[in-house]
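Colleague: One structure follows; several queries about it will come next.
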Amino acid sequence: MTFNKLFVSLGWILSLFMIMSCSTEVDLNAPQKDIWVVYGVLDQSDSVQYIRISRGFLIEGDALEFARNNNLSEKGLQVKLTGNNVEYIAEQVDSIPTLPQDGLFYPFTSLYKIETAGNLALETAETYTLNVTKGDDPDFFLEATTIIPEQVSFRNPARNHRPGPGGSRCLIQASLELDYGLKFSVGSERPASGFEARVFLSYQENGNEKEIVYGPSGSFSGNVGCTDGTGTQNRCYEFTAGEVLRGFLADMEQNPSFVYTYDIDDNSGCQNDVADLPDNLRFEVTGQDLELFTYQRVNSPTFTDFNTVRPEYTNIVGQDSVITLGIFGSISKQSAIARLSPCSEFLLNLNGVPAPAAACSL
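All you need for our numbering is the position in the sequence shown, starting with 1, plus 4.
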């Protein structure tokens, strides 16, 4: 599931929260207000974006039963995205299966879909504004703004790889059996406020293609476990010794009688054209805009006030007569490829690599 679609699905949880939640401030004589929940995370690398808009309700009955039997998504709205001198008009898409499909919520929802392929692709370091209106209510509006962060620039593994024979370029080895630090620069114009790290491995099990992902890491803004020079734009995130390999092995659930391979060896690991280098081992850093990073930090389950009620952060604004919740943010992704060290290949039982002469264990 993409980051965008994950946050769209989480809108159900916030809607239920509004049904069931308590507040530290209660005005028994306050006038009735509508509750609107908006979820959307623009993914600069994706060709389509989704916005989820729903209504929250306060009821006296069983909130869980209400959520199971009612579609809380709001239809018939005019949803527009503007930025970088482009105006995008969203299309309503109905009958989208609710995630997770565990019976807790109504089985289908509606989303607003925005095409961002080709010359409509979103750009980093640009400001995008979401505007929602209703045709039958000229005073109604919901609005939010995000600045898509710049992509990071990898320093380790280096994106220009290492020199090889005959002027070729070769994948750098990643010794994941040891402490391993991802190093990158964040940019200077409109850098991300927070980051997440992931590691992807594509391999074959008895010839069948598989892919597993370790991560994401927790959201971070500074160095974690290591440093990358003294520059204020440099960051480093360290995976501890064997951490990623143990995660891979847990997901692979290896069968001793199966053969495990991946498409990196001494021949494929060096190429005259870097575009031909295999990407079976890929490190990815996702940059988060200020709104999304703040939302995740403030709404973290590790933070509560003295009444054990978490504050709710949102950047959604609307007319005074409505309560707004949710988040409209953005992300950018950058990746770098490498190859596993011989020890890491041996520990993952890949390509029949024998045990190295030096100590090699998890």
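Don't be surprised by glycine CBs; every beta carbon is placed ideally from N, CA and C.
Owing to the predicted nature of the structure, the values given are computational and were not obtained by experimental measurement.
Can the beta-carbon of A245 be found less than 8 Å from the beta-carbon of E349?
Modeller: Start at 1 with the first residue of the sequence shown, and residue 245 comes out as number 241. Start at 1 with the first residue of the sequence shown, and residue 349 comes out as number 345. For A245 and E349, no; Cβs fall outside 8 Å.
Colleague: Whose C-alpha, out of S304, G87, L351, is nearest the C-alpha of M256?
Modeller: As a working note, residue 256 is residue 252 in the sequence shown. Nearest in C-alpha terms to M256, of all of S304, G87, L351, is L351.
Colleague: Is L285 closer than 8 Å to A342 when the C-beta atoms are compared?
Modeller: Locating residue 342 in the sequence shown gives position 338, counting from the first residue. Locating residue 285 in the sequence shown gives position 281, counting from the first residue. Going by C-beta atoms, A342 is nearer than 8 Å to L285.
Colleague: For D270, is the beta carbon positioned less than 7 Å from some heavy atom of the ligand FMN?
Modeller: Among the ligands in the structure shown, none appear at all, so the ligand FMN cannot be discussed.
Colleague: Could you tell me whether the Cβ atoms of S192 and R159 are closer together than 8 Å?
Modeller: Counted from its first residue, the sequence shown places residue 192 at position 188. Counted from its first residue, the sequence shown places residue 159 at position 155. Their beta carbons are not under 8 Å apart, which means S192 does not touch R159 by this criterion.
Colleague: By Cβ distance below 6 Å, which residues in the same chain neighbour Y266 in space, the five residues on each side in sequence not counted?
Modeller: For the purposes of this step, residue 266 is identified with residue 262 of the sequence shown, where counting begins at 1. Excluding positions up to five away in sequence, the list reads Y207, N284, L354.
Colleague: From this set, P161, I118, T86, which residue's C-alpha is nearest Q338's C-alpha?
Modeller: Your numbering for residue 338 matches position 334 in the sequence shown. With distances taken between Cα atoms, Q338 lies closest to P161.
Colleague: In chain order, which continuous runs of the alpha helix (DSSP H) of length 4 or greater are located wholly inside the stretch 274–341?
Modeller: 294–302
Colleague: Excluding the 5 residues preceding and the 5 following F262 in the sequence, name in chain order all residues of the same chain whose CB lies nearer than 8 Å to its CB.
Modeller: Numbered from its first residue, the sequence shown carries residue 262 at position 258. Around F262: E209, N210.
Colleague: In this structure, does DSSP put N238 in helix, strand or coil?
Modeller: The sequence position of residue 238 within the sequence shown is 234, counting from 1. Three-state DSSP puts N238 in a strand.
Colleague: Let me confirm a value: S334 is counted as buried when at least 16 other C-beta atoms fall within 10 Å, else exposed. Which label applies?
Modeller: Translated into positions along the sequence shown, residue 334 becomes position 330. When all chains shown are included, S334 counts as buried.
Colleague: Just to check my reading of the structure: F332 and A121 have Cβ atoms closer than 8 Å, yes? What is that Cβ distance to the nearest angstrom?
Modeller: One-based indexing of the sequence shown puts residue 332 at position 328. One-based indexing of the sequence shown puts residue 121 at position 117. The Cβ separation is near 21 Å, so there is no contact.
Colleague: How should S304 be labelled, buried or exposed, when 16 other C-beta atoms within 10 angstroms of its C-beta is the threshold for buried?
Modeller: The residue you call residue 304 lines up with position 300 of the sequence shown. It counts as exposed.
Colleague: Please confirm whether S77 and S51 have their CB atoms less than 8 Å apart.
Modeller: By 1-based counting over the sequence shown, the position of residue 77 is 73. By 1-based counting over the sequence shown, the position of residue 51 is 47. No.
Colleague: Assuming V248 is part of the alpha helix (DSSP H), what are its boundary residues?
Modeller: Walking along the sequence shown from the start, residue 248 turns up at place 244. 247–256 is the span of the alpha helix (DSSP H), which, as asked, contains V248.
Colleague: Quick one: grab the DSSP three-state call for P220.
Modeller: Position 216 of the sequence shown holds residue 220. Correct three-state label for P220: coil.
Colleague: Which class does F204 belong to by DSSP, given the choice of helix, strand or coil?
Modeller: Residue 204 sits at position 200 when you count from the first residue of the sequence shown. Strand.
Colleague: May I have a chain-ordered list of the beta strand (DSSP E) segments no shorter than 3 residues that lie completely inside the stretch 155–192?
Modeller: The DSSP assignment places complete beta strand (DSSP E) segments of no fewer than 3 residues inside the stretch 155–192 at 157–160, 184–189, in order along the chain.
Colleague: Taking the DSSP output, what are the residues bridged to P101?
Modeller: Numbered from its first residue, the sequence shown carries residue 101 at position 97. F112.
Colleague: Along the alpha helix (DSSP H) that carries L85, what are the first and last residues, could you check?
Modeller: If you number the sequence shown from 1, residue 85 lands on position 81. First-last for L85: 82–87, but that is the beta strand (DSSP E), not the alpha helix (DSSP H).
Colleague: Are the Cβ atoms of Q275 and S172 separated by less than 8 Å?
Modeller: Within the sequence shown, residue 275 is the residue found at index 271, counting from 1. Within the sequence shown, residue 172 is the residue found at index 168, counting from 1. Yes, the pair counts as a contact, with Cβ atoms nearer than the cut-off.
Colleague: Could you spell out where the alpha helix (DSSP H) holding E91 opens and where it closes?
Modeller: In the sequence shown, residue 91 corresponds to position 87, counting from 1. It is not in any alpha helix (DSSP H) - E91 instead sits in the beta strand (DSSP E) that spans 90–93.
Colleague: What three-state label does DSSP hand E127 in the structure shown?
Modeller: Taking the sequence shown and counting its residues from 1, the one referred to as residue 127 is at position 123. Note: E127 maps to coil in three-state DSSP.
Colleague: Rounding to the nearest angstrom, what Cα-Cα distance links G226 and Q300 in this structure?
Modeller: Locating residue 226 in the sequence shown gives position 222, where the first residue counts as 1. Locating residue 300 in the sequence shown gives position 296, where the first residue counts as 1. Using only the alpha carbons, I get a separation of about 16 Å.
Colleague: If you drop the 5 nearest sequence neighbours on each side, which residues of the same chain put their C-beta closer than 8 Å to that of P220?
Modeller: Counting from one through the sequence shown, the residue named residue 220 turns up at place 216. Here P220 has E200, A201, R202, T290 as same chain residues with Cβ atoms under 8 Å from its own Cβ, once five neighbours each way along the sequence are excluded.
Colleague: Can you say whether I151 is buried or exposed, counting buried as having 16 or more other CB atoms within 10 angstroms of its CB?
Modeller: To locate residue 151, count along the sequence shown from 1; it is residue 147. It is buried - the Cβ of I151 has at least 16 other Cβ atoms within 10 Å.
Colleague: Is DSSP giving L46 helix, strand or coil here?
Modeller: In the sequence shown, residue 46 corresponds to position 42, counting from 1. Of the three classes helix, strand and coil, the one that applies to L46 here is strand, per DSSP.
Colleague: Cutting at 6 Å between CB atoms, please list the residues of its own chain near A125, excluding the five before and the five after it.
Modeller: Mapped onto the sequence shown, residue 125 falls at position 121. Here the set comprises nothing.
Colleague: Looking at the secondary structure, which residues open and close the beta strand (DSSP E) in which L146 lies?
Modeller: The residue given as residue 146 occupies position 142 in the sequence shown. Where L146 is concerned, the enclosing beta strand (DSSP E) stretches over 141–151.
Colleague: Locate the beta strand (DSSP E) running through S58, then write down its first and last residues.
Modeller: Reading the sequence shown from its first residue, position 54 is the one you call residue 58. Segment 52–60, the beta strand (DSSP E) holding S58.
Colleague: Return the residue from the list I268, V278, E215 that minimises the CA-CA distance to A254.
Modeller: Position 250 of the sequence shown, counted from the first residue, corresponds to residue 254. Measuring from the Cα of A254, the nearest candidate turns out to be E215.
Colleague: Do you know whose CA, among P260, F243, Y92, lies nearest G185's CA?
Modeller: Position 181 of the sequence shown holds residue 185. Nearest option by C-alpha distance: F243.
Colleague: When you compare the CB positions of K84 and I93, do they come within less than 8 Å of one another, or not?
Modeller: Your numbering for residue 84 matches position 80 in the sequence shown. Your numbering for residue 93 matches position 89 in the sequence shown. Cβ atoms of K84 and I93: closer than 8 Å.
Colleague: Over what stretch of residues does the alpha helix (DSSP H) that includes C347 continue unbroken?
Modeller: Along the sequence shown, one-based indexing puts residue 347 at 343. 346–351 is the span of the alpha helix (DSSP H), which, as asked, contains C347.
Colleague: So, for T86: in the same chain, excluding its five sequence neighbours on each side, which residues have a beta-carbon less than 6 Å away from its beta-carbon?
Modeller: Position 82 of the sequence shown, counting from 1, holds the residue named residue 86. Closer than 6 Å at the Cβ level, and outside the excluded window around T86, lie T133.
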